[in-house]
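Some notes on the structure that comes next.
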Amino acid sequence: MELGSYTTAFNFGVFEKQIGGNKVDWGVVTAPVGSLNRDYSDYYKINEIYGISSHSAHKDEAWKFIEFIVGNENFYLQNGDDLLNYGIPTHSELLPQIDGHDLSPLYNKKSTQISNNPYDQIDFNIINAFKIVGQKYMDKVVNGEMDITSAFEKIELEGQQAVNAEAKKLKNVSEEWEMSGNK
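Structure representation (structure tokens):
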């Protein structure tokens, strides 16, 4: 299994053609969505947004700049593969299919107003400590070295221990910081 993005799909073809790898038999699913609001996902974000102040002394020039960024369809068509290195372009309808796959599920959802990203709520060190444990046992399941039930039992026990240990480290660092006169 590969977790990736629209541009990850292009790497499958490169791997197959340039490196001589086996053809990848792959499918496409969307990022997780809520059952009550399937058109929205919090796995999407806008990295750049352009606006023009209504009080700008250079409104016309600003509009020309925005039109330059999004308006040249021929540029997108001629340079589509290179542009994917910078994210999904404004004209998503110009994105090519790869091996006949419709990749729109990777970019066609609307962005939610509320993030369910655990990294927004919990320190990344705590989450990563749990992920390391989880990955270790999921790799064993994938390699046939352990059954899934045993893996989940180990992840529950050792994952909680890793979370507790990391939380304690963070608490100690915070206390040391405050004791040194910083707040």
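Everything in the sequence shown is counted per the numbering used here, starting at 13 for the first residue and increasing by one. Heads up, the beta-carbon is just placed ideally off N, CA and C, and yes, glycines get one too.
Can you list, in chain order, the residues of its chain with a C-beta nearer than 7 Å to that of residue i? Leave out the 5 residues immediately preceding and following it.
i           : result
residue 171 : 142, 145 and 146
residue 128 : 54
residue 180 : none
Based on the DSSP secondary-structure assignment, which residues constitute the bridge partners of residue i?
i           : result
residue 113 : 110
residue 49  : 46
residue 122 : 52
Return the CA-CA distance between residue i and residue j, expressed in angstroms with no decimal places.
i           : j           : result
residue 182 : residue 169 : 20 Å
residue 148 : residue 167 : 9 Å
residue 13  : residue 150 : Bear in mind that a pLDDT of 38 at residue 13, under 50, signals an unreliable position, so the number given afterwards is only what the model happens to contain. C-alpha separation (whole angstroms): 11 Å.
residue 134 : residue 184 : 16 Å
residue 158 : residue 51  : 37 Å
residue 47  : residue 125 : 16 Å
residue 123 : residue 153 : 34 Å
residue 66  : residue 74  : 11 Å
residue 163 : residue 190 : 39 Å
residue 131 : residue 140 : 10 Å
residue 81  : residue 173 : 50 Å
residue 110 : residue 87  : 20 Å
residue 161 : residue 192 : 46 Å
residue 156 : residue 83  : 52 Å
residue 165 : residue 49  : 32 Å
When we look at the beta-carbon of residue i and count the other beta-carbons within 10 Å, is it buried (16 or more) or exposed?
i           : result
residue 115 : buried
residue 89  : exposed
residue 69  : exposed
Here's a check: name, in chain order, each residue in its chain whose Cβ is nearer than 6 Å to the Cβ of residue i, leaving out the five neighbours to either side.
i           : result
residue 53  : 43, 45 and 121
residue 176 : none
residue 186 : none
residue 76  : none
Assuming residue i contacts residue j under a Cβ cut-off of 8 Å, what Cβ separation, rounded to an integer in Å, is found between them?
i           : j           : result
residue 137 : residue 188 : Their Cβ separation, rounded to whole angstroms, is 16 Å, which puts residue 137 and residue 188 out of contact at 8 Å.
residue 106 : residue 85  : 7 Å
residue 78  : residue 71  : In fact, because the Cβ distance is near 11 Å, the residues do not count as touching under 8 Å.
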